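Step one of this worksheet: look at the structure below.
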Amino acid sequence: MRYASARLVLQAAILVSLFTSIAQSQTTTAAPAPQGSLTTTQVNWPQFHFTFNGTRRNPYETVLNAQTVPGLKVKWTYTMGAYSVSSPAIVNGVVYVGSNDGYVHAFNASTGAKLWKYKTGSYINYSSPAVANGIVYIGSWDDNVYALNASTGAKIWSFKTGNYIDSSPAVVNGIVYIGSADSNLYALNAKTGAKIWSFSGSPGPVNSSPTVVNGVVYSTSGYNLYALNATTGAKLWSFTAGGVVDDSPTVANGVVFFGSDDFYVHAIAASNGTELWRFQTNGYLYSTPAVAKGIVYIGSNTFDTPESGTLWALNAQTGTEIWHYGTASGETSSPAVANGVVYIGSDGYGVSALKASTGSLLWTYQTGNYVDGSPSVVNGRVFVAAEDHKIYSFGL
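Going from the sequence shown to the numbering used here is simple: count from 1 and add 7.
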């Protein structure tokens with residue numbers, strides 16, 4: 008697969024070189040509905056993890072469930088200038104997404120009408136937008152972090168790092184946390200872009216998207232998971248896995264979950280870095296875990312010929328397998344969970360919905376190319392970008 012191969016090259020280079028509450032979020036998850044919104048109560052998906060401290064679970068979804076999801080159909084699509092593996096943010100009735108055409112795009116969430124687009128200096132790959140206090144934050148392969156006016160797309164500031172950015176920002180308490188391929192995790196002033204601190208751990212890119220919980224930033228680089236003081240950047244602890252960590256950590260109930268190229272899903276105590284359990288899958292883990300109601304959901308990829316993937320559901324306390332769902336294509340997309348349904352993209356040119364408790368397939372849709380980006384589920388809609396250059400909105 009094109010992007011997995013690029014990652015493997017980066018991994019080889021590395022080998023050679025050797026709960027804050029949701030109410031504290033700067034962009035509130037629930038907001039009054041503007042005129043013409045999708046539902047009576049507007050719900051936002053403002054950042055990659057759902058919120059800065061989220062678990063890729065939307066606990067407020069009421070329209071889509073295991074009974075209604077089979078009726079999903081395309082509500083609108085928009086064809087961008089290139090493929091997209093960025094995951095959409097949805098805030099106050101607007102969808103924001105990056106694309107390899109180099110643009111940040113903004114659409115009306117209900118109709119798909121283009122509102123604005125902003126051109127960066129290179130393509131936007133895996134970096135997904137974060138929206139807080141009327142500002143859109145995103146990284147580009149021109150090495151810059153951008154802050155854009157969410158209403159107009161006008162640039163407010165940019166910050167130059169030392170290499171490309173695939174990390175998705177987390178924004179909390181006036182600080183933007185984002186990684187760069189220059190081996191640094193940065194903390195930037197959200198209003199001005201001024202650097203507050205940076206942390207360099209393992210050699211190699213920081214492609215993961217940080218999560219911030221109880222004043223601690225969790226991020227990965229190389230073989231390592233790091234816990235850093237969110238104010239100062241001081242290292243609190245680190246944990247070394249048996250392979251490169253290219254997904255992003257998810258924190259739930261005092262446990263950090265992540266996958267690695269050692270084929271294991273790891274569960275680490277958030278307080279001190281002690282490993283609580285590990286579960287061996289059948290492949291590489293680029294998919295960021297989602298956690299909902301005591302279950303960890305994560306995808307794996309074998310990169311065999313033919314390529315195959317698996318979506319796993321594991322007991323969050325013990326690591327015991329609850330169910331798995333095998334596919335004839337890789338799973339690089341990160342799952343999203345809402346109202347008893349798990350949504351995930353696939354290298355088999357599609358997006359699927361499964362019952363969260365059993366793994367039974369409820370719905371699937373074939374796109375025109377890979378879906379390595381991750382779905383966002385809000386207000387009775389599923390939003391996802393694909394490598395056929397399109398962003399999709401599905402609804403009933």
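Even glycine gets a Cβ: it sits at the ideal position worked out from N, Cα and C.
Please read all numbers here as calculations on a predicted model, not as lab measurements.
DSSP state of residue i mapped onto helix, strand, coil
| i | result |
| --- | --- |
| G306 | strand |
| V385 | strand |
| G402 | strand |
| G78 | helix |
| R63 | coil |
| E394 | coil |
| G105 | strand |
| Q54 | strand |
| V70 | coil |
| A335 | coil |
| K198 | coil |
| N191 | strand |
| S209 | coil |
| A363 | coil |
| S353 | strand |
| V178 | strand |
| I172 | coil |
| Y377 | coil |
| T325 | coil |
| G301 | coil |
| G316 | strand |
| G186 | strand |
Counted within 10 angstroms of its Cβ, other Cβ atoms place residue i as buried (16 or more) or exposed
| i | result |
| --- | --- |
| Q373 | exposed |
| D253 | buried |
| P41 | Because the pLDDT of P41 is 36, which lies under 50, any placement of that residue in the model is unreliable, and the number read from its coordinates should be weighed accordingly. The residue in question, P41, is exposed, as its Cβ has fewer than 16 Cβ neighbours within 10 Å. |
| R388 | buried |
| S367 | exposed |
| D311 | exposed |
| L403 | exposed |
| Q74 | exposed |
| K82 | buried |
| N279 | exposed |
| T365 | exposed |
| Q287 | exposed |
| N221 | exposed |
| T69 | exposed |
| S175 | buried |
| E394 | buried |
| T168 | buried |
| S147 | buried |
| A3 | The question about residue 3 has no answer here: the residues shown for the chain are numbered 8 through 403. |
| G352 | buried |
| E338 | buried |
| G249 | exposed |
Contact belief for residue i with residue j at Cβ below 8 Å, rounded distance in angstroms
| i | j | result |
| --- | --- | --- |
| Y399 | T84 | 5 Å |
| A323 | I302 | 6 Å |
| L192 | S226 | 5 Å |
| V289 | S307 | Checking the sequence shown, residue 289 turns out to be Asn, not Val. N289 to S307, Cβ: 6 Å. Contact. |
| L71 | A320 | Not a contact, Cβ separation roughly 19 Å. |
| G160 | Y125 | 4 Å |
Residue i vs residue j beta-carbon contact at 7 Å
| i | j | result |
| --- | --- | --- |
| Y184 | H396 | no |
| S228 | S209 | yes |
| W52 | S383 | yes |
| Y380 | S93 | The amino acid at residue 380 is misidentified as Tyr; the sequence shows Gly. Cβ atoms of G380 and S93: closer than 7 Å. |
| N107 | D173 | no |
| A177 | V223 | no |
| I275 | V258 | no |
| S216 | Y233 | no |
| I145 | G186 | no |
| P136 | F390 | no |
| G333 | T309 | no |
| T295 | S341 | yes |
| V213 | T62 | no |
| P77 | W370 | yes |
| T127 | G109 | yes |
| V349 | Y304 | yes |
| N170 | A188 | yes |
| A116 | G141 | no |
| G326 | W284 | yes |
| V50 | N386 | yes |
| P256 | F265 | yes |
Please give me, in chain order, every unbroken run of the beta strand (DSSP E) with length at least 3 that falls completely inside the stretch 213 to 295. Fully enclosed beta strand (DSSP E) runs of 3 or longer: 218 to 220, 223 to 228, 231 to 236, 242 to 247, 257 to 259, 262 to 266, 271 to 276 and 282 to 287.
If you scan the stretch 85 to 168 from start to end, which runs of the beta strand (DSSP E) of 3 or more residues do you find wholly inside it? Runs found: 96 to 98, 101 to 105, 110 to 115, 121 to 126, 137 to 139, 142 to 146, 151 to 156 and 162 to 167.
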